[in-house]
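These protein sequence lines map, in sequence, to chains A and B.
So for the first sequence, my numbering puts the first residue at 8; every next one is plus one.
So for the second sequence, my numbering puts the first residue at 8; every next one is plus one.
We put the beta carbon where it would ideally sit given N, CA and C, even for glycine.
Take a look at the structure below.
2 protein chains.
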Amino acid sequence: MQWDTREDCEVRQILDRVADKWSLLVIALLDRRTLRFTELKRAIDGVSQRMLAQTLRHLERDGLVSRVVHATVPPRVDYALTPLGVTLHETIRTLVTWTETHQNEIAAARTAYDRRIEAERLAAEREAAERDALAHDVLTAGQGR
Amino acid sequence: MQWDTREDCEVRQILDRVADKWSLLVIALLDRRTLRFTELKRAIDGVSQRMLAQTLRHLERDGLVSRVVHATVPPRVDYALTPLGVTLHETIRTLVTWTETHQNEIAAARTAYDRRIEAERLAAEREAAERDALAHDVLTAGQGR
DNA sequence: CAGTATCCTGACGGATACTG
DNA sequence: CAGTATCCGTCAGGATACTG
């Protein structure tokens, strides 16, 4: 795969949008259905009102999500995937499926890595202690004279 | 698609890693080949030494990228996708392909959106100006008495 | 070459308050 | 309900210097 890697190129900018934490979740949740602002907010644990609004604005701007305002009281705004958004949803879904499929492997890799690093840290510590002990011996011997 | 949306669940954490700006680019670049640190740094426009190192450390920890140190002078470190990383690369590639395929549609959507917003802004401005003019008329009439 | 360590700034994003 | 506006803290991440 060879593509334009310049920071200001189209692909990079779109990738940054897609790679966005909340965008990914919003698109994944709007799977063939319409959700209201509050429903999305409740569904996505940890998102603030501000960030959700901003994310939805961006997705709307990119033509991935449609925003329909109903002139009722109380107001009601429905969000849904556009046809373009649906095509992106397909590839997002494979990504989510991938994480579900491989989460155990990743968890195992993390544990193994952390253990290895910890072992290396201990080894380095032990080595340093030995060097110190040696230096101390030399010092003591010097004082003995 | 219905999954655990809690912020601290495995899938969310892995998704956050995958959704990371630099991770995505590194995985995409390590397509069936081995790259050295500096090669990656040169290939990814805009990444700092620090962020690249951090990203590679994370990917290594997750078992997606292998890191091989050659005991030569000058030192040489090769990064490559692990078998697990290759499987992720497949789905990342579809994502990149998607952005390439649809970048024109998105660019068009953005332009259209910006034009619409600008038009709405101008309309609101005009309306405000009219209200002001009306208020001024009332004021003038009042002073006339 | 391939990093780590340190410092420092800006923007991301949370909390709160207010509006249509 | 569905936002926008404002304030403000933190922490991601850039710049720089140093090391094996």
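For a test of the three-state rule: what should DSSP assign to A/LEU43, helix, strand or coil? Reading the sequence as shown, one finds Arg at residue 43 of chain A and not Leu. Three-state result, A/ARG43: strand.
I'd like to check one pair, B/VAL72 with B/ASP85: are the Cβ atoms closer than 8 Å? no
Return no unless some Cβ of chain B is closer than 8 Å to the Cβ of A/ILE21. yes
Determine the DSSP secondary structure at A/ALA60, reduced to helix, strand or coil. helix
Tell me whether the beta-carbon of B/LEU22 lies closer than 8 Å to the beta-carbon of B/LEU36. no
Nearest-angstrom Cα separation, counted from B/GLU137 out to B/GLY151: With a pLDDT of 49 at B/GLY151, under the threshold of 50, the modelled position of that residue is not reliable, and the figure given next carries that caveat. One C-alpha to the other measures close to 21 Å.
Candidates A/THR104, A/ASP38, A/ARG13 and A/ARG133, of which the one nearest B/LEU32 by Cα: A/ARG13
For A/HIS77, is the classification buried or exposed, using 16 other Cβ atoms within 10 angstroms of its Cβ as the cut-off for buried? exposed
Using DSSP with H/G/I as helix, E/B as strand and the rest coil, what is A/THR80? First, the residue type needs correcting, since residue 80 of chain A is Val and not Thr in the sequence shown. A/VAL80 falls in the coil class under three-state DSSP.
What does the Cβ neighbour count give for B/ASP15, buried or exposed, with the cut at 16 atoms within 10 Å? exposed
Residue of B/HIS96, B/ARG133, B/ALA115 and B/ARG64 minimising C-alpha distance to A/TYR120: B/ARG64
Can you give me the Cβ contacts of B/ARG19 inside the same chain, cut-off strictly under 6 Å, excluding the 5 residues immediately before and after it? none
Specify whether the segment 87–100 of chain A and the segment 47–60 of chain A touch according to this definition: at least 3 beta carbon pairs, one from each stretch, less than 8 Å apart. no
Taking all protein chains shown into account, do 16 or more other C-beta atoms lie within 10 angstroms of the C-beta of B/ILE124, making it buried, or fewer, making it exposed? exposed
Under the criterion of a Cβ to heavy atom distance below 7 Å, does B/THR108 qualify as lining the ligand NAP? Within the structure as shown, the ligand NAP is missing, as the structure has no ligands at all.
Residues of chain A with CB closer than 8 Å to the CB of B/LEU31, please, in chain order. LEU22 and ALA26
Using the beta-carbon count (16 or more within 10 Å), is B/LEU66 buried or exposed? buried
List the residues of chain A that B/THR62 touches, going by C-beta distances under 8 Å, in chain order. Within chain A, no residue comes near B/THR62; the closest Cβ sits about 12 Å away, beyond 8 Å.
From this set, B/LEU95, B/THR108, B/ALA114 and B/ALA135, which residue's C-alpha is nearest B/ALA26's C-alpha? B/LEU95
Distance cutoff 8 Å, beta carbons only. Does B/GLY70 sit that close to anything in chain A? yes
Would A/GLY70 and B/GLU112 qualify as a contact pair, given that the criterion is a beta-carbon distance under 8 Å? yes
Once DSSP output is grouped into helix, strand and coil, what is the label at A/ARG74? strand
Could you work out which residues of chain B lie near A/GLU125, taking near to mean beta carbons separated by less than 9 Å? Neighbours of A/GLU125 on chain B: none; closest Cβ ~12 Å, over 9 Å.
If you measure between the beta carbons of B/THR101 and A/THR98, is that distance less than 8 Å? yes
What three-state label does DSSP hand B/GLY151 in the structure shown? Caution applies to B/GLY151, whose pLDDT of 49 falls short of 50 and renders its modelled position unreliable; the value that the coordinates give is listed next. Note: B/GLY151 maps to helix in three-state DSSP.
Tell me, please, whether the CB atom of A/ILE34 is closer than 8 Å to any CB atom in chain B? no
Using a Cβ cut-off of 7 Å, which residues of the segment 41–55 of chain A contact any Cβ in chain B, in chain order? ALA50, ILE51, ASP52 and GLY53
Just verifying my parser: in three-state terms, what is the DSSP assignment at B/LEU66? helix
Rounded to whole angstroms, how far is the Cβ of A/ARG83 from the Cβ of A/ARG122, which I believe are closer than 8 Å? Contact doesn't hold; Cβ gap of about 52 Å is too wide.
For B/GLU17, return the contacting residues in chain A, with the cut-off set at a CB-CB distance below 9 Å. THR106, GLU107, GLN110, ASN111, ILE113 and ALA114
Specify, as a first and last residue, the run of the alpha helix (DSSP H) that A/GLU17 falls within. 17–25
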